[in-house]
């Protein structure tokens, strides 16, 4: 399975958006020429564990899902069939789903209620397939399995230094948990939750660390009031920030994940939340399918 073998670059940003503070950016949006972001890292070890078999990978996501986009590419590269249960009405179209179909992924649509059940019941996906056997393997939403943490943890070894502060956007909490695993107690990690009422992510992070065999690291903070209205919400002020920041820094961001991350860094710098001697590194997790949706 040809997962990316070369590290993504680090870029030093000196932008007026950060009010004089230099911010390092780990450009995981450049990890793969077509699959932007951290999704390949999360898929790496779950998929490699099955490399000698011929599974059919089944997962879930929305019509602009970065995870499904990455899984479709990984399936095509590895020669594995892929199935997706997509939240939405039958016949729904998106450029992301067009890519997934072109790569061979079979798409089935489920209602919002059924989608909620897929989140709550780890066996619910079986009811949406005509025939299920031992070669059908389920991957949870966002690829957030305990095995995913090992692939994310490898990012830490690629950093040119261990900064005092590492910041990233959080959807399911798996990437943050993986970064904690890689740091092994070093640094201070700040997660920017991109959805409303995200306090439950603390338990998700603890469960993932425990199930993956890592200590219960506590060297992180979860910011839950920087979601700009909730998941997929992008008020005009946030979209304007994304456009101006992308143009000024030659760094593509979008309103679903990375826009909220860099906007939060600016807000924290305004509030003098960082020490003068603290080096701040932001992880650009990619997630650029959302930009296609808003376009």
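Numbering (the numbering used here), first residue to last: 5 to 299. Backbone N, C-alpha and C fix where the C-beta goes; we use that ideal spot for every residue, glycine too.
- Look at residue 226 here: in three-state DSSP terms it is strand.
- In this structure, the alpha-carbon of residue 48 lies about 7 Å from that of residue 7.
- Residues of the same chain with a CB within less than 7 Å of the CB of residue 173, apart from the 5 flanking positions on each side, are 196, 198, 261, 262, 264, 265, 289 in chain order.
- Going by C-alpha positions, residue 103 is about 15 Å away from residue 112.
- Runs of the alpha helix (DSSP H) lying entirely within the stretch 74–157, each at least 4 residues long, are 99–106, 116–124 in chain order.
- Less than 8 Å divides the Cβ of residue 30 from the Cβ of residue 287.
- Under the three-pair Cβ rule at 8 Å, the stretch 11–22 counts as touching the stretch 244–261.
- Looking at 72, 150, 201, the one whose alpha-carbon comes closest to that of residue 53 is 150.
- Residue pairing by DSSP places residue 52 opposite no residue, since no beta bridge is assigned to it.
- Counting other Cβ atoms within 10 Å of its Cβ, residue 22 reaches 16 or more and is therefore classed as buried.
- Taking a C-beta distance under 8 Å as the contact criterion, residue 67 and residue 35 do not qualify as a contact pair.
- Residue range 262–274 is occupied by the alpha helix (DSSP H) that includes residue 272.
- When C-beta atoms of the stretch 162–173 are compared with those of the stretch 74–85, fewer than three pairs fall below 8 Å, so the two segments do not count as touching.
- The continuous stretches of alpha helix (DSSP H) do not include residue 195, which lies in the beta strand (DSSP E) extending over residues 192–197.
- Shown here, residue 166 sits in coil according to DSSP, grouped into three states, outside any helix or strand.
- Burial check for residue 79: the Cβ neighbour count within 10 Å reaches 16 or more, so the residue is buried.
- In this structure, residue 69 lies away from residue 292, with their beta-carbon atoms at least 8 Å apart.
- Take the alpha-carbon of residue 99 and the one of residue 280: they are about 44 Å apart.
- Judged by DSSP secondary structure, residue 189 falls outside any alpha helix (DSSP H); it is assigned neither H nor E.
- Residue 31 sits in a strand when the DSSP states are folded into three classes.
- Residue 222 and residue 215 have their C-alpha atoms roughly 16 Å apart.
- For residue 288, DSSP records a beta bridge to 31.
- Residue 92 and residue 269 have their C-alpha atoms spaced approximately 33 Å apart.
- Taking all protein chains shown into account, residue 249 has 16 or more neighbouring C-beta atoms within 10 Å of its C-beta and is therefore buried.
- Listed as beta-bridge partners of residue 233 by DSSP are no residues whatsoever.
- Contact between the stretch 151–168 and the stretch 178–188 is present: 3 or more CB-CB pairs across the two stretches fall below 8 Å.
- Restricting attention to 191, 136, 164, the CA atom closest to the CA of residue 224 is found in 191.
- Per DSSP, residue 215 is one residue of the alpha helix (DSSP H) stretching across 205–215.
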